[in-house]
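**Q** With positions in the sequence shown counted from 1, the corresponding number in the numbering used here is that position plus 9.
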Amino acid sequence: MTKRNKLLLINPLSTKRRGLIRDQQSIFPPMALGIIAALTPEQWEIELVDENFERFTYREADLVGITALTSQVTRAYELASIYKEKGISTVMGGIHVSMLPDEAAQYADSVVIGEAESVWGTLIHDFESGTLKKRYQGNLLPLVDSPFPRIDLYHPGYVFGSVQTTRGCPMSCDFCSVHTFNGHQYRARPVKDVVDEFEKIPQQKVYIVDDNLIGYTKKSADRVLEICREIIRRGIKKDWLCAASMNIADHEEVLHYAAKAGCKMIFLGIESELIDQLESA
Ligand code: SF4
10 MTKRNKLLLI NPLSTKRRGL IRDQQSIFPP MALGIIAALT PEQWEIELVD
60 ENFERFTYRE ADLVGITALT SQVTRAYELA SIYKEKGIST VMGGIHVSML
110 PDEAAQYADS VVIGEAESVW GTLIHDFESG TLKKRYQGNL LPLVDSPFPR
160 IDLYHPGYVF GSVQTTRGCP MSCDFCSVHT FNGHQYRARP VKDVVDEFEK
210 IPQQKVYIVD DNLIGYTKKS ADRVLEICRE IIRRGIKKDW LCAASMNIAD
260 HEEVLHYAAK AGCKMIFLGI ESELIDQLES A
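1) Would you tell me roughly how many angstroms separate the C-alpha atoms of Ile2 and Gly192, rounded to the nearest one?
2) Using a threshold of 7 Å, is the CB atom of His134 nearer than that to any non-hydrogen atom of the ligand SF4?
3) Excluding sequence positions up to five away, which residues of its chain have a Cβ less than 7 Å from the Cβ of Arg232?
4) Is it buried or exposed for Phe157, if we count other Cβ within 10 angstroms and need 16 for buried?
5) Any heavy atom of the ligand SF4 closer than 7 Å to the Cβ of Asn20?
6) According to DSSP, simplified to helix, strand and coil, what is Gln33?
7) Starting from the Cα of Phe130, find the closest Cα among Gln212, Arg159, Ile44 and Asp71 and give me that residue.
8) Tell me which residue opens and which closes the beta strand (DSSP E) that Met101 is part of.
9) Would Asp154 be called buried (16 or more neighbouring beta carbons within 10 Å of its own) or exposed?
10) I need the DSSP call for Tyr163, collapsed to helix, strand or coil.
11) Classify Met291 as helix, strand or coil using the three-state DSSP reduction.
12) What first and last residue would you give for the alpha helix (DSSP H) that runs through Gln194?
13) Are the beta-carbon atoms of Glu56 and Leu22 separated by less than 8 Å?
Now the structure itself:
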C-alpha cells in the first residue's frame with residue numbers, strides 16, 4: 010500500500026498574548042485552516058493542531074501549513090522554523106504574511122499571498138511533483154461554490170462556531186487591511202450555502218465573521234434579510250453575533266428579522282467621529 014501524504018495544519022498562539030485573544034469565551038475556530046483542509050485532496054491525511062487548546066508538540070508530517078494574524082506570527086515563525094530545519098516543507102498564509110511575504114520567506118519554504126482558494130490545488134500538485142514554489146499569489150474568486158470548512162477537524166471545546174457570508178469591502182479606510190487583503194468588491198455567498206453551513210455548526214453560539222455583514226447596497230441588505238428569513242423558516246435556534254457598519258441602523262426590517270433569527274449583538278465599526286474623515290475614507 011502506498012503511504013498517504015500527511016498535511017499538518019497549525020493554528021499558533023502566542024502565550025505572551027493576554028485578553029480576548031486568549032479568552033475561551035471569545036475565540037473562534039481557525040476557519041482558514043478548515044477551508045484549506047476542505048480543498049486538500051481526499052487521499053491526504055490531515056491533522057489540525059490548535060494551540061488555542063493544546064500546546065504544540067512535534068509530530069511527523071510531509072507538508073506543514075500555518076496561518077497567522079500579526080498577533081500570532083512570532084509563534085508561527087517559531088513553529089515553521091522547526092519543520093524547515095528538518096527539511097519538511099512549510100507553507101505560510103494569512104493576512105500578516107500576505108502583507109510581509111519577504112519576512113515570512115525567511116521562515117517558510119512557500120508563502121501564499123492573499124486568499125488561498127485559487128492556488129491551493131496548484132500548490133498541492135506542485136508539492137506532489139517536487140516543484141513547490143516559493144510564492145503563490147491568490148486571486149479573489151467569487152464566493153459561489155465556496156467549500157464548506159472541515160468543521161470536523163476543529164477542537165470541540167470552542168464555545169462559538171463561525172461562518173463567513175461575505176468578503177471584501179468597497180471602502181478604503183486607511184487603517185484597515187480588509188480592502189487590501191480581500192479586495193474592494195463586496196463578494197457574497199449564496200444564501201442557501203450560508204444557511205446550510207450555519208445549520209451544520211454544532212455550537213449553539215455563532216459568530217458571523219464578515220467584516221461588514223450589511224454592506225452598502227440594497228442588494229446586500231436584502232441578502233441579509235433573506236438569510237434571516239431562511240434561518241427562521243428552517244426553525245434554526247442559535248444565538249449569533251456579527252459586525253456591521255453604522256448604516257445597518259437604516260435597515261429596520263433587517264434588524265427586526267435579525268433579532269427574530271437569533272442575532273444578539275452587532276459590533277459597529279465607528280471608524281471616526283469626524284464627518285470629513287468619514288467622507289474621505
Ligand atoms: S468600512 Fe470597515 S471593513 Fe471597510 S475598509 Fe473601512 S474599516 Fe475596513
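Yeah, the Cβ is synthetic: ideal placement off N, Cα and C, and Gly gets one too.
**A** The relevant details are as follows:
1) There is no way to answer for residue 2, as the model of the chain reaches only from 10 to 290.
2) No, the ligand SF4 has no heavy atom inside 7 Å of this Cβ.
3) Cβ within range, chain order: Ala197 and Val200.
4) Result: exposed.
5) No.
6) Here Gln33 sits in coil by DSSP.
7) According to the sequence displayed, residue 130 carries Gly and not Phe. Sorting Gln212, Arg159, Ile44 and Asp71 by C-alpha distance to the C-alpha of Gly130 places Ile44 at the top.
8) Secondary structure note for Met101: its beta strand (DSSP E) is the uninterrupted segment Ser98 to Gly102.
9) Around the beta carbon of Asp154, fewer than 16 other beta carbons sit within 10 angstroms, so the residue counts as exposed.
10) Tyr163: coil per DSSP, three-state reduction.
11) The requested residue 291 is not part of the displayed model; the chain covers only 10 to 290.
12) For Gln194, no alpha helix (DSSP H) run applies, since DSSP gives it neither H nor E.
13) Taking 8 Å as the Cβ cut-off, Glu56 and Leu22 do not qualify as a contacting pair.
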